[in-house]
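Note that the sequence shown covers residues 471 to 719 in my numbering.
All C-beta atoms in this analysis are idealised placements derived from N, C-alpha and C, irrespective of residue type, glycine included.
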Amino acid sequence: MNRLEGKNAIITGAASGIGAAIAKRFAFEGANVALLDLNIDIAEKNAAKLRSEGKLALAKKIDLLDESSVIQTFGQTKELIGSAHILVNSAGIADGSPLAELSSEKWDEMMGVNLRGSFLCCREVIPYMRENQWGRIINIASEVANRGHPGLSHYAASKAAVIAMTKCLALEVVKDNIRANVLSPGPTETSMISGIDETTLSNLLTDLMPIGRLAQPDEIAGAAMYLASEEADFCVGMTLNINGGTYRI
C-alpha cells in the first residue's frame, strides 16, 4: 500500500461515481487529493470524509465549460497542495439522442465538457508535472468510442477524440517523464446509468455484457491506480479497456 505516498493528485468529476472512487483509492494509497467538480457540495462531503480518516483532501468547484474557471481552480489547487503529479479527467456528461434529432447545442455541450474540458485540464497540469519531473495523466473515455451504440453519436465522438488526443499528448510529454494514457470503462453502476429502467438494463446485461453484470466504480479505480503508479512507466498513449467483454481488443 501507500504506492502514491508524497504524490499530489487532481481528480475531476470527483463528486460521484468513478471519479469519487478514484479519489478515495488514491487517498488511501497515500496521495494528497484535490476533488474537483461542478457539484461542490457533494465533492466537499467526500473530501471531508477522507479528512476524517486522516487523509489530506480538499474540494474545489470547477466549470469545465469556462476556461477561466479551469485556470483559476488549478492555480488554487497548486497553492493548497502543491504541484500535481497526477491528473485524472473523470468529469463528463452523457445523454442519448439519435443524430438526426440532435441539436447543435447538445453536440457543443458534449464536446465542451468531455473533450475541451479534458484538453484544458491537461494543458494546465503539464507545467506542474514538468516541475516535478514526473507525471501521470489518465483520461477517462468509454468503450462506446470503439463499439458504437445507437443514440450516442455525440458521446462516442467526444470520447473517441479524447483517445486520439491522449495518443498525441503522450508522445509530446514522454521525454519529461510524464505518462499519458486512457482508461476506457464499460457500463458502470453510476448515476449516469441509474436512470435506465429495469427491462432495458436486463436486456443490456443479457445482450451486451458477457460478464453478466455492471462494473463497480471501485473496479475502475483499481485500474486507474495501476496507471497512476510507477508500475505503469512503460505505458505510453495506451488505452486500458475495463469493460467486462463488451469490446475486445
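Check for me: the alpha helix (DSSP H) holding residue i runs from which residue to which?
i	result
Asp511	Ile510 to Ser522
Ile633	Ser623 to Val643
Ile541	Glu537 to Ile551
Asn616	Val614 to Arg617
Leu434	Any question about residue 434 goes unanswered here, given that the chain covers just 471 to 719.
Ser486	Looking at the DSSP string, Ser486 is not in any alpha helix (DSSP H), and its letter there is neither H nor E.
Glu579	Ser574 to Met580
According to DSSP, is residue i part of a helix, a strand, or is it coil?
i	result
Leu569	helix
Leu678	coil
Ser588	helix
Arg649	strand
Asn602	helix
Ala702	helix
Ile596	helix
Applying the 10 Å Cβ sphere with the 16-neighbour rule, what's the burial state of residue i?
i	result
Leu697	buried
Phe704	exposed
Leu505	buried
Arg683	exposed
Val540	buried
Cys592	buried
Gly489	buried
Under the DSSP definition of a beta bridge, which residues are partnered with residue i?
i	result
Arg495	Answer is none; Arg495 lacks a bridge partner.
Pro657	Note: Pro657 sits in no beta bridge, so no partner.
Asp507	Lys531
Ile481	Leu505 and Val558
Ile607	Leu557 and Ala650
Which stretch, first to last residue, makes up the beta strand (DSSP E) that contains residue i?
i	result
Ile563	Segment: none, Ile563 is in no beta strand (DSSP E) and carries neither H nor E.
Leu710	Thr709 to Ile712
Handout entry: the region 679 to 693 touching the region 586 to 606, judged by at least three CB pairs closer than 8 Å
Key = In this structure the region 679 to 693 does not lie against the region 586 to 606, because fewer than three pairs of beta carbons, one per stretch, are closer than 8 Å.
Practice task
Taking 8 Å as the threshold, find out whether the region 515 to 528 comes into contact with the region 568 to 577 through three or more Cβ pairs.
Solution key: Flag = no, the region 515 to 528 and the region 568 to 577 do not touch.
Problem - Segment contact flag, the region 471 to 490 with the region 501 to 518, C-beta cutoff 8 Å, min 3 pairs - result: Touching, yes.
Practice task
May I ask you to verify whether the region 648 to 658 touches the region 702 to 717, counting CB pairs closer than 8 Å and requiring at least 3?
Solution key: Yes: at least three Cβ pairs fall under 8 Å.
Exercise for the section: Would you check if the region 638 to 650 and the region 595 to 603 touch, i.e. whether three or more CB-CB distances between them fall below 8 Å? Expected result: Yes: the two stretches touch, three or more of their Cβ pairs being nearer than 8 Å.
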